[in-house]
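> Got a structure for you, written out below as structure tokens; questions coming shortly.
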Amino acid sequence: MTVKKLIEVALPLEKINEESAREKSIRHGHPSTLHLWWARRPLAAARAVIWSSLVDDPSSHPEEFPTEEDQNRERERLFKILEALIVWENSNNEKVLNAAKEEILKSTNGNPPELLDPFAGGGSIPLEAQRLGLKAHAHDLNPVAVTINKATIEIPPIFADMPPVNPQSRRVVAINWKGAQGLAEDVRYYGNWIKEEAFKRVGKHYPKVKNPGGGGYKCHCLDLG
Ligand SMILES: C[S@@+](CC[C@H](N)C(=O)[O-])C[C@H]1O[C@@H](n2cnc3c(N)ncnc32)[C@H](O)[C@@H]1O
Numbered sequence: 670m671t672v673k674k675l676i677e678v679a680l681p682l683e684k685i686n687e688e689s690a691r692e693k694s695i696r697h698g699h700p701s702t703l704h705l706w707w708a709r710r711p712l713a714a715a716r717a718v719i720w721s722s723l724v725d726d727p728s729s730h731p732e733e734f735p736t737e738e739d740q741n742r743e744r745e746r747l748f749k750i751l752e753a754l755i756v757w758e759n760s761n762n763e764k765v766l767n768a769a770k771e772e773i774l775k776s777t778n779g780n781p782p783e784l785l786d787p788f789a790g791g792g793s794i795p796l797e798a799q800r801l802g803l804k805a806h807a808h809d810l811n812p813v814a815v816t817i818n819k820a821t822i823e824i825p826p827i828f829a830d831m832p833p834v835n836p837q838s839r840r841v842v843a844i845n846w847k848g849a850q851g852l853a854e855d856v857r858y859y860g861n862w863i864k865e866e867a868f869k870r871v872g873k874h875y876p877k878v879k880n881p882g883g884g885g886y887k888c889h890c891l892d893l894g
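Count along the sequence shown from 1, add 669, and you get the number used in this note's numbering.
As structure tokens, this is what we get:
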């Protein structure tokens, strides 16, 4: 019997569309703020497509779900997992991610495939594959896309769960740095240092201009607040 995946049978499309559209207005912590890349797929849509391409549709297991009613009930259960998974605020919610990963493992005999996106662009697909526990590979002709993918999927896992090294954060010892939090703290610290140094050294060549939206003056070259 050919196994059908959930994506081949049914999806809660309205919810996926809603979350994908909502993502456009998220401006804090979203990879699209790293560098704007055209035709970037919304993370919610990429997450939903990858997950539902790996999880079996209940009709593929008649021994477990013999009637249509059983299958519909199981599909509803899977939809609930998916609908929680695509919410932006749940992107790092371990409980939600673990429930989703468990279903992938169940449908792949504990051995999920690796994912390759040969046209990775802004990296939505490999990033979401990695979030779902898959080994992800990204490729692109354009060096800017390659840099974005290195920053989002290649470098952060190297520093996973490690504390920051900058002198300010090193004084704080009572924090349990998780995921890329330590790395993010260093990027913030040293990014700010570079910004301030640049302003000191070349800022005089870029006179402040009046902010057209009001609220005083702003610098031409650097967003110094
Ligand atoms: C539509 S974008 C990909 C969007 C991406 N999959 C996402 O979800 O955000 C297409 C990408 O394919 C890349 N590309 C085009 N021709 C290519 C080729 N021959 N080899 C590798 N990448 C290529 C482009 O540089 C561009 O980044």
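C-beta atoms are modelled at their ideal positions from N, C-alpha and C, and glycine is treated no differently.
For E797, does the count of other Cβ atoms within 10 angstroms reach 16, so buried, or fall short, so exposed?
It is buried - the Cβ of E797 has at least 16 other Cβ atoms within 10 Å.
> Count the other C-beta atoms from every protein chain shown that fall within 10 angstroms of the C-beta of I755, then say buried if there are 16 or more, exposed otherwise.
Buried, by the Cβ-count rule.
> Look at the alpha carbon of G791 and the alpha carbon of I695, and state the distance between them as a whole number of angstroms.
Near 16 Å, if we compare the C-alpha coordinates of I695 and G791.
> Quick check: is any heavy atom of ligand 1 less than 7 Å from the C-beta of S793?
Correct: S793 has its Cβ closer than 7 Å to ligand 1.
> So the beta strand (DSSP E) D786 belongs to, where does it begin and stop?
Note, D786: beta strand (DSSP E), 784 to 786.
> For S901, collect the residues of the same chain with a Cβ closer than 6 Å to its Cβ; drop the 5 residues on either side in sequence, then sort them by chain order.
Residue 901 falls outside the range modelled here, since the chain spans only 670 to 894, and no answer is possible.
> Would you report the Cα separation of V672 and V724, rounded to the nearest angstrom?
Roughly 10 Å between the two C-alpha positions.
> Helix, strand or coil: how does DSSP classify A805 here?
Here A805 sits in strand by DSSP.
> Would you kindly report the start and end of the unbroken beta strand (DSSP E) that includes K684?
No beta strand (DSSP E) contains K684, which is instead part of the alpha helix (DSSP H) from 682 to 692.
> Suppose you measure from the CA of V678 to the CA of P711; what does that come to, to the nearest Å?
V678 and P711: Cα-Cα distance of roughly 22 Å.
> Anyone know if the C-beta pair for R691 and R800 falls short of 8 Å?
Contact flag unset, no.
> Per DSSP, what kind of secondary structure is G855 in: helix, strand or coil?
What sits at residue 855 in the sequence shown is Asp, not Gly. Reduced to three states, the DSSP call for D855 is helix.
> Rounded to a whole number of angstroms, what is the C-alpha to C-alpha distance between I685 and N761?
Looking at the two C-alpha atoms, the distance is approximately 18 Å.
> Shortest alpha-carbon distance to I773 belongs to which of W846, I719, G851, L852?
Among W846, I719, G851, L852, the Cα nearest to that of I773 is on I719.
> What does DSSP give as the partner residue(s) for D725 in the beta ladder?
K674, per the DSSP bridge assignment.
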